[in-house]
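Peer 1: The structure follows.
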Amino acid sequence: MTDTSFQPHEQEAQLGDYFALLKPRVMSLVVFTALVGLLAAPTALHPVEAFAAILFIAIGAGASGALNMWWDADIDRIMRRTRKRPIPSGQVTPNEALSLGLALSGLSVIMLGLATNLVAAGLLVFTIFFYAVIYSMWLKRSTPQNIVIGGAAGAFPPMIGWVAVTGEVTIEAWLMFALIFMWTPPHFWALALFMKSDYDDAGVPMLTVTHGRKSTRRHILVYTALLAVLAVGTAFTSIGGPIYLAAALVLNALFALGAIRIARRTEEQSIADDYVVEKKFFRLSLLYLFLHFGAIGLEALLAPLGFGGWS
Amino acid sequence: MIKAEHEIHQRRKGRNVGVGLLLAALVLLILALTVVKVTRGGFEPAFTAGEE
Numbered sequence: 000m001t002d003t004s005f006q007p008h009e010q011e012a013q014l015g016d017y018f019a020l021l022k023p024r025v026m027s028l029v030v031f032t033a034l035v036g037l038l039a040a041p042t043a044l045h046p047v048e049a050f051a052a053i054l055f056i057a058i059g060a061g062a063s064g065a066l067n068m069w070w071d072a073d074i075d076r077i078m079r080r081t082r083k084r085p086i087p088s089g090q091v092t093p094n095e096a097l098s099l100g101l102a103l104s105g106l107s108v109i110m111l112g113l114a115t116n117l118v119a120a121g122l123l124v125f126t127i128f129f130y131a132v133i134y135s136m137w138l139k140r141s142t143p144q145n146i147v148i149g150g151a152a153g154a155f156p157p158m159i160g161w162v163a164v165t166g167e168v169t170i171e172a173w174l175m176f177a178l179i180f181m182w183t184p185p186h187f188w189a190l191a192l193f194m195k196s197d198y199d200d201a202g203v204p205m206l207t208v209t210h211g212r213k214s215t216r217r218h219i220l221v222y223t224a225l226l227a228v229l230a231v232g233t234a235f236t237s238i239g240g241p242i243y244l245a246a247a248l249v250l251n252a253l254f255a256l257g258a259i260r261i262a263r264r265t266e267e268q269s270i271a272d273d274y275v276v277e278k279k280f281f282r283l284s285l286l287y288l289f290l291h292f293g294a295i296g297l298e299a300l301l302a303p304l305g306f307g308g309w310s
Numbered sequence: 000m001i002k003a004e005h006e007i008h009q010r011r012k013g014r015n016v017g018v019g020l021l022l023a024a025l026v027l028l029i030l031a032l033t034v035v036k037v038t039r040g041g042f043e044p045a046f047t048a049g050e051e
């Protein structure tokens with residue numbers, strides 16, 4: 000007699016697995032920077048509208064993360080850093096990731112447009128398209144400048160937060176965009192230095208492989224210097240202020256010091272101490288972004304009390 | 000009455016409850032947004048009955 004018993008799918012995904020597809024750690028950064036962009040804007044949204052704006056910007060970012068995981072499933076399987084992601088580990092099928100990514104993209108864009116305005120929704124749809132198509136499907140595997148150009152995707156959230164309130168892209172929105180855009184290359188190239196062969200094994204053309212590790216160290220220094228000029232200069236704009244200036248001076252001094260040390264080291268020195276300087280620089284880069292945007296947010300929150308900004 | 004109590008139903012129940020709660024939260028958020036936008040006067044009817 001034929002066995003008609005149901006064979007349960009041992010790896011059937013739980014809600015947490017689908018949530019993991021959305022790259023929650025990236026989403027938390029998006030929430031934070033979008034919130035700062037929203038708070039820094041000269042006018043204010045109703046709290047419910049503001050909550051909805053941040054939520055749907057975050058969901059949009061999560062959707063692009065799911066689409067990226069769908070496309071990059073083959074290299075995620077190879078890289079140590081990404082092997083445990085939901086698709087390579089078999090928890091979620093590629094089709095499920097694609098469906099979830101597309102559905103959440105549609106939902107987030109439509110809802111952001113309804114909650115705020117069409118300009119913000121348009122920026123969100125462009126951000127999702129940029130990350131999923133331009134970065135993931137094209138740049139990532141074809142050029143060592145993948146991180147430089149692709150970093151724009153992560154730079155849009157504070158601009159979208161600002162535009163959700165004001166309805167227009169102004170110089171302040173571009174400054175917040177530029178801060179993240181210029182920060183992304185040194186952040187990821189430091190990671191690439193101590194992740195060593197992970198990207199190489201997967202065939203991703205990182206600068207460390209295409210131009211060499213010495214060149215990557217010099218690139219980190221150059222981008223850090225440019226970032227420092229931009230970051231400190233932002234202090235003297237309408238989103239800056241004394242608190243931001245103090246934070247920017249300290250953080251950029253530390254960041255520049257780290258970049259100089261990285262540029263001066265040899266590979267032998269780095270291998271000998273297991274890339275301690277590069278890892279410290281990478282950790283500092285996380286604090287760097289958090290504190291810069293925290294300072295912008297603080298200036299915005301203190302402004303109504305007469306303390307924020309240069310007035 | 001057939002009672003379908005398989006281990007997979009328990010696992011799926013947790014997932015379905017989660018999705019249900021998320022959908023309910025979305026509905027509540029849309030309701031709240033609608034109340035905010037309507038009470039703020041952002042909604043203007045195209046015309047009122049009786050006007051030429």
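If you're matching them up, the sequences are chains A and B in order. Just so you know, we're using numbering that gives the first Met the number 0 here: the first sequence kicks off at 0 and counts up by one. Just so you know, we're using numbering that gives the first Met the number 0 here: the second sequence kicks off at 0 and counts up by one. Beta carbons are placed, not taken as given, at the ideal position from N, Cα and C, and that holds for glycine.
Could you tell me which uninterrupted alpha helix (DSSP H) segments, each at least 4 residues in length, are contained entirely in the region 158-194 of chain A, listed from first to last along the chain?
Peer 2: 170-194
Peer 1: If you scan the region 81-147 of chain A from start to end, which runs of the alpha helix (DSSP H) of 4 or more residues do you find wholly inside it?
Peer 2: 93-114 and 117-128
Peer 1: With DSSP collapsed to three states, give me the class of Ile238 (chain A).
Peer 2: Here residue 238 (chain A) is taken as the residue at index 239 of the first sequence, counted from 1. Of the three classes helix, strand and coil, the one that applies to Ile238 (chain A) here is coil, per DSSP.
Peer 1: Is the region 14-33 of chain A touching the region 85-104 of chain A, taking contact as three or more C-beta pairs under 8 Å?
Peer 2: Short answer: they touch.
Peer 1: Inspect the CB distances between the region 180-190 of chain A and the region 108-126 of chain A and report whether three or more fall short of 8 Å.
Peer 2: no
Peer 1: Say whether the region 37-48 of chain A touches the region 62-75 of chain A, bearing in mind that this needs 3 or more beta-carbon pairs closer than 8 Å, one atom from each stretch.
Peer 2: In short, these stretches do not touch, since the Cβ pair count stays below three.
Peer 1: Spatial neighbours of Val118 (chain A) within its chain, please: CB distance less than 6 Å, with the 5 preceding and 5 following residues excluded, ordered by chain position.
Peer 2: As a position in the first sequence, residue 118 (chain A) is number 119, starting the count at 1. Within the same chain, Val118 (chain A) has close Cβ partners Val162 and Gly166.
Peer 1: Kindly list, in the order they appear in chain B, the residues whose Cβ is closer than 7 Å to that of Val47 (chain A).
Peer 2: Walking along the first sequence from the start, residue 47 (chain A) turns up at place 48. Chain B residues near Val47 (chain A): Ala31, Leu32 and Val35.
Peer 1: What residue range does the alpha helix (DSSP H) around Gln13 (chain A) cover?
Peer 2: Counting from one through the first sequence, the residue named residue 13 (chain A) turns up at place 14. Per DSSP, Gln13 (chain A) belongs to no alpha helix (DSSP H) and is neither H nor E.
Peer 1: Select from the region 11-35 of chain A all residues with a C-beta closer than 7 Å to any C-beta belonging to chain B, and list them in chain order.
Peer 2: Glu11, Gln13 and Leu14
Peer 1: Under a CB-based cut-off of 9 Å, is Val26 (chain B) close to chain A?
Peer 2: On the second sequence, residue 26 (chain B) is found 27 positions in, with the first residue counted as 1. So no, Val26 (chain B) is outside the interface.
Peer 1: Just curious, the alpha helix (DSSP H) that Pro46 (chain A) is in, first and last residue?
Peer 2: Reading the first sequence from its first residue, position 47 is the one you call residue 46 (chain A). Note, Pro46 (chain A): alpha helix (DSSP H), Pro46 to Trp70.
Peer 1: Does any C-beta atom of chain B lie closer than 9 Å to the C-beta of Leu117 (chain A)?
Peer 2: To locate residue 117 (chain A), count along the first sequence from 1; it is residue 118. Judged by the 9 Å Cβ criterion, Leu117 (chain A) is not in contact with chain B.
Peer 1: Would you mind sorting Ala271 (chain A) into buried or exposed? The rule is 16 or more other CB atoms within 10 Å of its CB.
Peer 2: On the first sequence, position 272 is the one that residue 271 (chain A) refers to. Exposed, since its Cβ has fewer than 16 Cβ neighbours within 10 Å.
Peer 1: Let's see if you can read the secondary structure: which residues bound the alpha helix (DSSP H) around His291 (chain A)?
Peer 2: Reading the first sequence from its first residue, position 292 is the one you call residue 291 (chain A). Note, His291 (chain A): alpha helix (DSSP H), Val275 to Leu301.
Peer 1: Going straight from the alpha carbon of Val249 (chain A) to that of Ser214 (chain A), what length do you get?
Peer 2: Residue 249 (chain A) sits at position 250 when you count from the first residue of the first sequence. Residue 214 (chain A) sits at position 215 when you count from the first residue of the first sequence. Those two C-alpha atoms are separated by around 27 Å.
Peer 1: Using a 10 Å radius around the Cβ and a threshold of 16 neighbouring Cβ atoms, would you call Leu304 (chain A) buried or exposed?
Peer 2: Indexing the first sequence from 1 puts residue 304 (chain A) at position 305. By the neighbour-count rule (16 or more Cβ atoms within 10 Å), Leu304 (chain A) is not buried but exposed.
Peer 1: With distances taken Cα to Cα, identify the nearest neighbour of Gly106 (chain A) among B:Lys36, B:Val35, B:Ile29 and B:Gly13.
Peer 2: By 1-based counting over the first sequence, the position of residue 106 (chain A) is 107. Sequence inspection shows Leu at residue 106 (chain A); the Gly mentioned does not correspond to that position. Considering only alpha carbons, the answer is B:Ile29.
Peer 1: Would Gly13 (chain B) be called buried (16 or more neighbouring beta carbons within 10 Å of its own) or exposed?
Peer 2: Residue 13 (chain B) sits at position 14 when you count from the first residue of the second sequence. Counting of Cβ neighbours within 10 angstroms places Gly13 (chain B) among the exposed residues, the total staying below 16.
Peer 1: Going by DSSP in three states, Asp272 (chain A) sits in which element: helix, strand or coil?
Peer 2: Mapped onto the first sequence, residue 272 (chain A) falls at position 273. Residue state, collapsed to three classes: coil.
Peer 1: Using a Cβ-Cβ cutoff of 7 Å, what residues of the region 45-75 of chain A are near chain B? List them in chain order.
Peer 2: His45, Val47, Glu48 and Ala51
Peer 1: I'd like the list of long-range same chain contacts for Ala258 (chain A), defined as Cβ closer than 6 Å, with 5 residues on each side in sequence excluded.
Peer 2: Numbered from 1 along the first sequence, position 259 holds the residue referred to as residue 258 (chain A). Around Ala258 (chain A): Ile219, Leu220 and Thr223.
Peer 1: Considering only their Cβ atoms, is the gap separating Phe254 (chain A) from Phe235 (chain A) smaller than 9 Å?
Peer 2: Along the first sequence, one-based indexing puts residue 235 (chain A) at 236. Along the first sequence, one-based indexing puts residue 254 (chain A) at 255. Not in contact: Phe235 (chain A) and Phe254 (chain A) (Cβ atoms no closer than 9 Å).
Peer 1: Please state whether the Cβ-Cβ distance between Gly36 (chain A) and Pro157 (chain A) is less than 9 Å.
Peer 2: On the first sequence, residue 36 (chain A) is found 37 positions in, with the first residue counted as 1. On the first sequence, residue 157 (chain A) is found 158 positions in, with the first residue counted as 1. Going by C-beta atoms, Gly36 (chain A) is nearer than 9 Å to Pro157 (chain A).
Peer 1: Looking at Leu138 (chain A) and Met181 (chain A), is the spacing between their C-beta atoms short of 9 Å?
Peer 2: If you number the first sequence from 1, residue 181 (chain A) lands on position 182. If you number the first sequence from 1, residue 138 (chain A) lands on position 139. In this structure, Leu138 (chain A) does not lie closer than 9 Å to Met181 (chain A) by Cβ.
Peer 1: In terms of alpha-carbon separation, which member of A:Ile58, A:Gly296, A:Ile170 and A:Ser27 lies closest to Ala102 (chain A)?
Peer 2: In the first sequence, residue 102 (chain A) corresponds to position 103, counting from 1. Comparing Cα-Cα distances from Ala102 (chain A) to each of A:Ile58, A:Gly296, A:Ile170 and A:Ser27, the minimum goes to A:Ile58.
Peer 1: Listing by chain order, which chain A residues have their CB less than 7 Å from the CB of Gly19 (chain B)?
Peer 2: Here residue 19 (chain B) corresponds to residue number 20 of the second sequence, with the count starting at 1. None at all; the shortest Cβ gap to chain A is about 11 Å.
Peer 1: Taking 9 Å as the threshold (beta carbon to beta carbon), is His8 (chain A) in contact with chain B?
Peer 2: By one-based count along the first sequence, residue 8 (chain A) stands at place 9. Note that His8 (chain A) has pLDDT 49, beneath the 50 cutoff, so the model's placement of it is unreliable and the number below is only indicative. Closer than 9 Å: yes.
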